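All residue numbers for the sequence shown refer to my numbering, where the first residue is 58 and numbers rise by one. Every residue gets a Cβ at the ideal spot worked out from N, C-alpha and C, and that includes glycine. None of the values given here were measured: they were computed from a predicted structure. Notes follow the structure.
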Amino acid sequence: MSDASKGLRLYNTLTRTKEGFVPIDPLDVRMYVCGPTVYDFAHIGNARPVIVFDVLFRLLRHLYGETHVTYVRNITDVDDKINARALRDFGGEIASGTLSLNEAIRRVTEKTADQFHRDVATLGCLEPTVEPRATEFVEPRADGKADMITLIKRLIERGHAYVAAGEVLFDTASMPDYGQLSKRNLDEQQAGARIAVDAHKKNPGDFVLWKLSSPEEPGWQSPWGRGRPGWHIECSAMSAAYLGEVFDIHGGGLDLIFPHHENEIAQSRCAHGTDVMANVWMHNGFLQVEGQKMSKSLGNFYSIHELLETETFGGRRWPGEVLRLAMLMTHYREPIDFSVRKLEEAENTLRKWKRASDLAPAAGSQVPAEVVEALSDDLATYAAFQQLTQLAGEATDFSGAGENGAAASLKTSLAFLGFDVGAAKFDEAAIAETIARRLQFIAAKNWAEADRIRDELLAQGVQLKDGKDPVTGERVTTWEVKR
Numbered sequence: 058m059s060d061a062s063k064g065l066r067l068y069n070t071l072t073r074t075k076e077g078f079v080p081i082d083p084l085d086v087r088m089y090v091c092g093p094t095v096y097d098f099a100h101i102g103n104a105r106p107v108i109v110f111d112v113l114f115r116l117l118r119h120l121y122g123e124t125h126v127t128y129v130r131n132i133t134d135v136d137d138k139i140n141a142r143a144l145r146d147f148g149g150e151i152a153s154g155t156l157s158l159n160e161a162i163r164r165v166t167e168k169t170a171d172q173f174h175r176d177v178a179t180l181g182c183l184e185p186t187v188e189p190r191a192t193e194f195v196e197p198r199a200d201g202k203a204d205m206i207t208l209i210k211r212l213i214e215r216g217h218a219y220v221a222a223g224e225v226l227f228d229t230a231s232m233p234d235y236g237q238l239s240k241r242n243l244d245e246q247q248a249g250a251r252i253a254v255d256a257h258k259k260n261p262g263d264f265v266l267w268k269l270s271s272p273e274e275p276g277w278q279s280p281w282g283r284g285r286p287g288w289h290i291e292c293s294a295m296s297a298a299y300l301g302e303v304f305d306i307h308g309g310g311l312d313l314i315f316p317h318h319e320n321e322i323a324q325s326r327c328a329h330g331t332d333v334m335a336n337v338w339m340h341n342g343f344l345q346v347e348g349q350k351m352s353k354s355l356g357n358f359y360s361i362h363e364l365l366e367t368e369t370f371g372g373r374r375w376p377g378e379v380l381r382l383a384m385l386m387t388h389y390r391e392p393i394d395f396s397v398r399k400l401e402e403a404e405n406t407l408r409k410w411k412r413a414s415d416l417a418p419a420a421g422s423q424v425p426a427e428v429v430e431a432l433s434d435d436l437a438t439y440a441a442f443q444q445l446t447q448l449a450g451e452a453t454d455f456s457g458a459g460e461n462g463a464a465a466s467l468k469t470s471l472a473f474l475g476f477d478v479g480a481a482k483f484d485e486a487a488i489a490e491t492i493a494r495r496l497q498f499i500a501a502k503n504w505a506e507a508d509r510i511r512d513e514l515l516a517q518g519v520q521l522k523d524g525k526d527p528v529t530g531e532r533v534t535t536w537e538v539k540r
């Protein structure tokens, strides 16, 4: 364990304060982050928590050792829309017994799950240590790991859940301090997402743990009839299965604080009889697109795949590491305005860093302490990036003999933060096309546009040299990579 780990401080949503992080077991630091519901391709808002907690995962591995951190990010493949799709596409095979429910759901979700994995890998994210699927944790398991049906039975036995109108519901009134995470008291509670306020509930805030399935709907056998789990119980089971009854960090988006995370805490604490579910709760802020809430009706709803592979945003495709840097330029707890301008800024910054890091043939042996210290202050990525910019300046100004230490440290830092440290690549055809366009502006005496293109290329590391063809006397422009 690194001595620097003593300085790690994280903002805890549960206490609304920034606290020194003390792991339960420094030889097994445990983190759970809510993953995607794989009904459709992940949108750019889904990318933010994946990137944010990837940085935290990298930092924890640096501080405590790669083999001493367990990162669980689940796949939610239990959802009414997914179930309906499985029944529609594979109902005959399910009814005949030639295909199990789990197999049918897996076929429905495989395409979007695979695309999610490709997308987040392009964003520079490491794979989590474990990536459980909800469908694998509904029924009691042969390996004895936690499952949803067993947790629900325990909640009923302990007086925290009841059966009514074919549903099993959590009794929020049975938990005196329910609402600690969201700071809402029971009188203020409204029913959670996916749950209607029905007469059979004891309290409006009671939420579904298990609901019956009709003969036409997929379901699992349970003591309460053939049915399927509610949303929240899924993460309680999967986190307990791999991280235990109490673990170190639980993360996700700000929108999950209530009802999802609040209800996870209620289920887990009451089922296990613990004071907490996780010691630290971390949440990333909301994302807007060009100053507006992202929505399909506004036409500003973008999947990660679209941004990477199509020209739907800003008229061009965006490299994964540019999307990654744009996400990290704003502190994770702050709202972010995702815009073309921000992506262009990230792209230019990344080019400058890479040009400077290319001045070293290899990375340094250690991540600079200043970078680690910045990230250890509640993932202060902006402060860490200031250190990278300083290193880039020192690397570029270096003129002495021997190794360029600043460039080597910069290369190390970039790799640590999830950026490709291979040599900078230049699209020669695109540069030639841009130069030809600039020559047209020069011919038209549009000096302002010609200068703008020259400066834009220079910011990308491409320096232009104007001259004349010695034979024809025509203006010609050559270029070289600026070091």
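Residue state for Ile393 is assigned as strand, using DSSP reduced to three classes. Around the beta-carbon of Asp394, fewer than 16 other beta-carbon atoms lie within 10 Å, marking it exposed. DSSP, reduced to helix, strand and coil, places Pro316 within a helical segment of the structure shown. The way I'd put it, the segment 408-423 doesn't touch the segment 350-369; fewer than three beta-carbon pairs between them come closer than 8 Å. Here Lys240 is exposed: its Cβ has fewer than 16 other Cβ atoms, across all protein chains shown, within 10 Å. Judged by their CB atoms, Gln324 and Phe227 are nearer to each other than the 8 Å cut-off. Per DSSP, the beta-bridge partners of Val90 are Arg130, Gly308. Excluding five sequence positions before and after Ile151, the CB atoms of its chain that fall closer than 8 Å to its own CB belong to Ala143, Leu144, Ser157, Leu158, Ala161, Pro275, given in chain order.
DSSP, reduced to helix, strand and coil, places Lys240 outside both helices and strands of the structure shown, so it counts as coil. A straight line joining the alpha-carbon of Pro106 with that of Gly308 spans about 8 Å.
By the CB criterion at 8 Å, Trp536 and Ile499 fall outside the cutoff. Taking each of Arg190, Met339, Gly64, Gly223 in turn and checking the Cα distance to Ser270, the smallest one comes out for Gly223.
Boundaries cannot be given for Tyr359, as no beta strand (DSSP E) includes it and DSSP labels it neither H nor E. The secondary-structure analysis by DSSP pairs Gly330 with nothing; it has no beta-bridge partner.
By the Cβ rule, the segment 76-88 counts as touching the segment 105-123, because three or more pairs are nearer than 8 Å.
Annotation for Ala440: the continuous alpha helix (DSSP H) segment containing it runs 438-454. Approximately 47 Å separates the beta-carbon atoms of Asp111 and Gly524; this is outside 8 Å, ruling out the contact.
Residue pairing by DSSP puts Ala335 in a beta bridge opposite Phe304.
Relative to the Cα of Thr70, the nearest Cα in the group Trp338, Ile139, Pro93, Arg511 belongs to Trp338.
Cβ-Cβ separation between Trp281 and Val220: approximately 6 Å, consistent with a contact (criterion under 8 Å). Sequence-distant Cβ neighbours of Glu321 in its own chain, meaning closer than 6 Å and more than five residues away, are His289, Cys292, Ser293. Pro286: member of the beta strand (DSSP E) spanning 284-286, first to last residue.
Cβ-Cβ distances below 6 Å link Val126 to Val86, Leu117, Arg118 in the same chain, with the five nearest sequence neighbours on each side left out; the list follows chain order.
A straight line joining the alpha-carbon of Ala335 with that of Gly462 spans about 41 Å. Rounded to the nearest whole angstrom, the C-alpha separation of Thr169 and Arg163 is 10 Å. Taking C-beta separations shorter than 7 Å and ignoring five residues to either side along the sequence, the partners of Pro197 in its chain run Asp204, Ile206, Thr207, following chain order.
Counting C-beta atoms within 10 angstroms of its own C-beta, Pro527 has fewer than 16 neighbours from the protein chains shown and is therefore classed as exposed.
Across the structure, Gln237 and Leu436 are spaced so that their CA atoms are roughly 24 Å apart. Contact check for Ala420 against Thr469 passes: the beta carbons are separated by less than 8 Å. Within the segment 460-540, the runs of alpha helix (DSSP H) that reach at least 4 residues and sit entirely inside it are, in chain order, 462-473, 485-500, 504-516. In the three-state reduction of the DSSP assignment, Phe227 falls in the strand class, which pools E and B. Exclusion of the five residues before and after Glu427 leaves Gln444 as the residues of its chain whose Cβ lies within less than 6 Å of its Cβ. Linking Phe442 to Gly148 through their CA atoms gives a straight-line distance of about 53 Å.
Around the beta-carbon of Ala199, fewer than 16 other beta-carbon atoms lie within 10 Å, marking it exposed.
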